[in-house]
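The block underneath contains the structure these notes are about, expressed in structure tokens.
Chains as they are written, first to last, in the working numbering: chain A, 12 to 340; chain B, 12 to 340; chain C, 12 to 340; chain D, 12 to 340.
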């Protein structure tokens, strides 16, 4: 089982609460001999870090990663790579214990599952956990140097026109409200043959990985839901003798296995659940009260979703590369 | 690893090619003492069976399941339940070995991965494999008697108006073309607390399960991609003191854990890849030729997707129930 | 979890009761392109088959294996290989339901765990299940052609002198009693570097594999318990510049990783639990009565242990080879 | 896969090199609501700690454990429990990079596997890693309060007479040599029904767990190798109507499932490989030279094996309890 672990041969395990002393992860199964230092990982963490603009959470976390094991003289040794980030700006007072369940947040479901929870900042449900996914993804990228992974926000609040985003974000922030977003991630350079049929399909692994990101509510590969609206003759990606395809409706995956085309994943992020607009809710004793979140939160959590989607895609691809090499290498 | 297995405590392993002597599965981890016989499983297989209408493949398979182990005097014993279905109508001649890669199908990617493949009927990539998912799902339902799972096609060829479906299907069939579809599956009765945070989120497991179904290209939970177009205040599911929610934008899952509301999953199926409309392609030696599929195929594979989506949802929920009982029971 | 599965990348799942219609297995993760047919597997099954001498169970099972999937034109395709053997000589009458728990057998513990069991012939606890391990092991050998695996009984009833075994076996059989045995298995040709440190040590995997064989009560690697009686200077395997070791106290494994020397495993098998000598016991309702087993059983189960030990060693090595190639290849 | 992880529902992952900044672990799957603080874990670490007598390594490590996550107000929350211990007395100078491979140690096999290694103190192969097993085992004990686990050294240098141990240890130490030992661990209070048939047998899990401890070369359950020298009539554990057994040759496990009797495991530890007696060896370039280890090492590593064996037994039992509850609860 893998409650807090992800992957098989290349395996990430994360730990830590948003408001504990630190968060961290262990990357197990990384091949030996790869060049790795803190700087490489930090570069990706900095892209995800909060406090960098008015549209993301004002929480100030330097998020300095420290590699504690698995690297010797600048190279991976094949042994587990432990990384930690200290939590330096954890204001627990923002999270009183008698607060109502925040609708859309994990509070209620956690209490239902565990009978108790760490109320400070969402505990493991905090988006802060995703920092360690980004750290793990940075290591994963070293395993797949042939692959280039890039992502972009392609829609905010239902609007695909980038020029209007600043205005609608300003409006939502002013209203204490939040907006959803759609992130698209493209991985080029993946050779044909990664993934596996049936229950380890590459697209299934990507879907599970991306739906497991906080606030994700939908995942599609290639044309995705759009493909359900095409005819078979429109959706077919014709092949030419030079090995190229004439289109990429499939998003680079057929029958669960990569085709050599660009892998295209889109993830729908719901609007941030923590908003200042009051929402009717209850507290742990069932008393009705409005939930009004005063903590520091992003008006559009999807904006910061890109680096996390990239990290999950990198983790999946690194794992699949090793698995393919193991079975068919 | 789990190329051909699905689940942890409740685990399905399937085997068999479309055109071999039989297909089969092993269900491992089923709790003891549950009433089970062939009839129960057959009931669900009959719902998925081809040859039942003009809109699904005319292949005639009686699909009689036989339980070979794990049941004694009508009850499960806790040991592995093996089931098989003989392949009685496998016409290999429909699949010549020098055929071009069928665009959108797994042919090319399989060759790229394995260097060889069983060309008869798609091998493991055949939708026939999903019969064993349905068989496994039938057993899974016994583990979660408190849950009701139902599904419906909600869109065909981009059209949500059911009254027009027959006409557009007739048209596509006549043209040798195919249509995509969207299937919605709803599971009611799931108590709050199933699932787990971070990498074993219930929605992540459902997304992985459903994206792993043949021809699936998109998965959403609750409002899904629609949630990305709502404001936080619109998307919030208010809670009342009687423990009820006033809406279900979340689709029954918060923070990866069930809330007690109905779980809502939607799956986008691409149009059947095997069509009579010629599509430019190549054969294994790289020679250009049009792919024209003459085998027996569904004009809209999504129509038969419902029972498979239900099965995958049942498999996920049975597994999560046992896991929850293990960790928190 | 893996109640009825063994291995990671190369994975065996078995099913079937001793007295059901058949037993079977699924081998998942076998690399493509390996030559495989029924004959190869049958060869190993024949070595294990009962009814071949007076010292093994007189049960007459032809044990004809049938490969149902995963092979096309004589070669593995990379997809799951299903195999079955029909149970043709299952005399359930030998196992009355009101029988006492057979001491040393799994009867009591099964009832305690599952609340019910299939009383016919021990169900999954029957040594018959090991036929499928042998079948899986036969496929595993194809993955590791560089390795030669051989085994021998080295002790029966505490006696290492082979010339006396026939006499003590005759004596035990005549008395309705049984004898234990020790089997030694040697794998040569394993290159250095297979296995992994910490929790996936090659010796740990071998120990788990062999202790999981029916009736096994002890496992040792290299000098094993004898090493606990040596000084460090006596136990050290000196190395020479030609890459050879001057001794092999370690049994071919250091720090959980193969050294390139022969891998040496010894397994202690207890005497067959099913004996004609009466042993005080109880039935399921707690009533005291003597257990006297009349079914067909081996006077020394260890004699047939060799092919099963070899199979488990082959399964472990095939899996470790693929894992090593995946991580370090 | 689980190179650095152990267990399924209750899962320990460890990281860290002997001479890096710290070692640590993550315990995943611990049920919520259990009382836990640093003091509890420290108590078990102190029993294992080096530097406490002349017969164990003089390395001075305070080994102060710090819990970094998964505990809130003194109780486990069900989320991952991260623990670390700083390495404060790591003298790398003891481990020159041009040293010969230490015979019996993991040096050579590591180089063969990974192509490079951290030469300081054995890296992951160092017995220091076992501190985190003890920490994990301390948490595991909380999951199984009904079970009492105790261990004792029962043999040193082949001698079972405790009164002679000090003398033979003094002698070995003076000679720069080392001695092997046998540790026996007994777990009482385990109810009948834990474990599972076939590949998840309780004894198989214990054997894998214990053979994975550094320097372990043999494992036996109950009478173990001794059972191979008994007759079936001698080895049978008669049962009485009060549910008690008249003997415990089986060591508390039948058919892979606990019987309710005391579980008895014995582990053979080879003599410490690092000795001052010169042993012919080679360095990484193949040059012949004597290996003479000057670092700080235990003259009898088995003496400190007891707490580690107990920890592994606790980890196995906690996992099996949760698994049993999941499948049969």
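Glycine residues also receive a C-beta, built at the ideal position from the N, C-alpha and C atoms. As the structure is a prediction and not an experimental result, all values here were calculated from the model.
Asked, Found
"Taking the CB atoms as reference points, tell me whether residue 80 of chain D and residue 27 of chain A lie closer together than 8 Å.", "yes"
"Please classify residue 241 of chain D: does DSSP put it in a helix, a strand, or coil?", "coil"
"For the segment 249 to 269 of chain B against the segment 117 to 137 of chain A, are there 3 or more C-beta pairs whose distance is under 8 Å?", "yes"
"Closer than 8 Å by beta-carbon distance: list the chain B residues that pair up with residue 339 of chain D, in chain order.", "42, 43, 89"
"Check distances from the C-beta atoms of the segment 221 to 238 of chain D to those of chain C and list, in chain order, the residues that come in under 7 Å.", "222, 223, 228, 229, 230, 231, 232, 233, 234, 235, 236, 238"
"Can you grab the Cα-Cα spacing for the pair residue 34 of chain B / residue 289 of chain B, in whole Å?", "31 Å"
"Using a Cβ cut-off of 8 Å (strictly closer), state whether residue 22 of chain D contacts chain B.", "no"
"Is it a yes or a no for the segment 249 to 262 of chain A touching the segment 241 to 261 of chain B, going by three-plus beta-carbon pairs under 8 Å?", "no"
"Taking C-beta pairs closer than 8 Å, name the residues in chain C that residue 212 of chain D reaches, listed in chain order.", "222, 223"
"Between residue 282 of chain C and residue 250 of chain D, is the Cβ-Cβ spacing less than 8 Å?", "no"
"Comparing C-alpha positions only, which one of B/308, B/185, B/56, B/229 sits nearest to residue 74 of chain B?", "B/56"
"List, in chain order, every chain B residue whose beta-carbon is nearer than 7 Å to that of residue 155 of chain A.", "In chain order: nothing, as chain B lies at least about 17 Å away."
"Hey, is residue 333 of chain D's beta-carbon within less than 8 Å of any beta-carbon in chain C?", "no"
"Let me see if you follow: with CB-CB separation under 8 Å, is residue 257 of chain C close to chain B or not?", "no"
"Check the Cβ of residue 290 of chain B against every Cβ in chain A and list those closer than 9 Å, keeping chain order.", "243, 244, 247, 248, 249, 250"
"Would you list the one or two residues that DSSP bridges to residue 26 of chain A?", "A/35"
"Please go through the segment 164 to 217 of chain B and give each complete alpha helix (DSSP H) segment of 4 or more residues, from N-terminal end onward.", "176 to 185"
"How would you list, in chain order, the residues of chain C whose beta-carbon sits under 8 Å from the beta-carbon of residue 16 of chain B?", "16, 22, 24, 39"
"When you compare only the Cα positions, how much space is there between residue 338 of chain B and residue 296 of chain B?", "53 Å"
"According to the Cβ coordinates, are residue 332 of chain C and residue 176 of chain C closer than 8 Å?", "no"
"Using DSSP with H/G/I as helix, E/B as strand and the rest coil, what is residue 281 of chain C?", "coil"
"Consider the Cβ of residue 113 of chain A: report whether some Cβ of chain C lies at a distance smaller than 8 Å.", "no"
"Skipping 5 residues on each side, what residues in its chain have a beta carbon closer than 6 Å to that of residue 37 of chain D?", "24, 91, 93"
"Have a look at C/172, C/334, C/294, C/319 and flag the residue whose alpha-carbon is nearest the alpha-carbon of residue 144 of chain C.", "C/319"
"By the three-class DSSP mapping on this structure, what secondary structure does residue 272 of chain C have?", "coil"
"Can you give the Cα-Cα distance for residue 261 of chain B and residue 298 of chain A, rounded to whole angstroms?", "22 Å"
"Using a C-beta to C-beta distance shorter than 9 Å, which residues of chain C count as neighbours of residue 299 of chain D?", "250, 251, 252"
"Anything in chain A within Cβ reach of residue 283 of chain B, meaning under 9 Å, just list it in chain order.", "243"
"So, is residue 156 of chain B buried or exposed, given that buried needs 16 or more other C-beta atoms within 10 angstroms?", "exposed"
"Given a limit of 9 Å on CB to CB distance, which residues of the segment 114 to 140 of chain A reach chain F?", "The displayed structure is made up of protein chains A, B, C and D, and chain F is not among them."
"By Cβ distance, which residues of its chain are closer than 8 Å to residue 165 of chain D, with the 5 residues on each side in sequence left out?", "171, 193, 194, 195, 277"
"Mind checking the segment 165 to 177 of chain D against chain A and listing, in chain order, the residues whose C-beta falls within less than 7 Å of any C-beta there?", "none"
"Answer with buried or exposed for residue 52 of chain A, where buried requires no fewer than 16 other C-beta atoms within 10 angstroms of its C-beta.", "buried"
"Interface residues of chain B around residue 32 of chain C at Cβ under 9 Å?", "77, 79, 80"
"Let me check one thing: in DSSP terms, what residues is residue 227 of chain B bridge-paired to?", "B/280"
"Checking the sheet assignment: what are the DSSP bridge partners for residue 86 of chain B?", "B/46, B/83"
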